[in-house]
Amino acid sequence: MYENRNNERRRFFAAVRNRVFTGLLIVIPIYLTIWITYFLYDKITTWAVDLVSRIESLEPLLDVFWFMQCIRLFSLILIVFALVCVGQLATYTLGRRLILLTEILMLKVPMLNRVYSTVRQIGDAIWSPKGSMFRQVVLVEFPRKGLYTIGFLTSENNGKWEIGEKTGLELISVYVPTTPNPTGGYLIFVQRDECIFLDMDVASGMSLVVSCGAVLPSGQNPGKPSLPPSPGSNTKTA
5 MYENRNNERR RFFAAVRNRV FTGLLIVIPI YLTIWITYFL YDKITTWAVD LVSRIESLEP
65 LLDVFWFMQC IRLFSLILIV FALVCVGQLA TYTLGRRLIL LTEILMLKVP MLNRVYSTVR
125 QIGDAIWSPK GSMFRQVVLV EFPRKGLYTI GFLTSENNGK WEIGEKTGLE LISVYVPTTP
185 NPTGGYLIFV QRDECIFLDM DVASGMSLVV SCGAVLPSGQ NPGKPSLPPS PGSNTKTA
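End of the sequence shown sits at 242 in the working numbering; the numbers just go up one at a time, nothing left out.
Here's what the structure looks like:
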């Protein structure tokens, strides 16, 4: 009887633990999404709050929550409008010349030119329709033979660069992210025939990494795990 009570107690605490973990898996992504969104919203619109706080006639309204939120929303709309205007300007010949002149000036400033060129290349790789960043999901044997890791093909160099010429190999660039935080990882150069190219899209591959393998691509979820048969049992196959 005492043993039955212990078993019931263990089952109870196991059930509570499982519910807590399930709740965390639901709440944490929602919380992080809201927090990151508000953080970006706050940082982007802070300039408008600082500007309004310098106007003495509006000082009594600085403590009014809804007034400040309206200021932030207005500044956000203003930023979006400015971006639209810049994008529209780039469609005209004069606008393209002004943008080109700005880029030339940025590239001629020491130190600043390296920062600008790096950020520009990353932006082109991510947002350009012809960008090559994270083109395909691959499997590579990393960090040693026999262990397979999810990676993302970033470029196919085809040996037409220094590393390919020095090694004499057809190497491709693969980014191997860490889990559950994919912002850190490793850049490795692998022979093409040593990669296994997967059919899943990049978003599915990233979900697989972030969830530590718990969230599989749609249509690929396995059934419930079952225990292997005991060594003494005889199984018949048709």
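Note that CB positions come from ideal geometry on N, CA and C, so glycine has one too.
Residue i - DSSP class collapsed to helix/strand/coil
i	result
Y96	coil
I154	strand
F201	strand
D189	A small correction: the amino acid at residue 189 is Gly; Asp does not occupy that position in the sequence shown. In the structure shown, G189 sits in a strand (DSSP, three-state: E or B).
N238	Caution is warranted here: a pLDDT of 49 is assigned to N238, below 50, making its placement in the model unreliable, and the coordinate value is therefore given only provisionally. Coil at N238, not helix or strand.
S159	strand
P229	Confidence at P229 is low in this model, with a pLDDT of 44, below 50, so its placement is unreliable and the value that follows should be read with caution. P229: coil per DSSP, three-state reduction.
L143	strand
V194	strand
M137	coil
R21	helix
D67	coil
L243	Since the first residue of the chain shown is 5 and the last is 242, residue 243 is not available in this structure.
K112	helix
Member of the options whose CA lies at the smallest distance from the CA of residue i
i	options	result
V213	R14, W51, V180 and L111	V180
L82	E160, G168, I48 and S208	I48
E198	T183, G189, I176 and G209	I176
A218	Y190, L109, G189 and P184	P184
L202	G27, S215, V194 and P221	P221
CB contact flag (residue i, residue j, <8 Å)
i	j	result
V141	M204	yes
L116	I200	no
L105	S121	no
F138	T158	yes
T76	A52	Thr is not the amino acid found at residue 76; the sequence shown has Arg there. For R76 and A52, yes; Cβs fall inside 8 Å.
L66	S79	no
G196	E166	What sits at residue 196 in the sequence shown is Arg, not Gly. The answer is no: Cβ separation not under 8 Å.
G209	F156	yes
V178	I192	yes
T182	G189	yes
Host beta strand (DSSP E) of residue i (start-end)
i	result
S177	L175 to P181
L212	Element bounds for L212: not the beta strand (DSSP E) but the alpha helix (DSSP H), V206 to V214.
Bounding residues of the alpha helix (DSSP H) (the contiguous stretch that carries residue i)
i	result
K170	E166 to T171
Any non-hydrogen atom of the ligand ATP within 7 Å of residue i CB
i	result
M110	As far as ligands go, the structure on display features none, and thus does not contain the ligand ATP.
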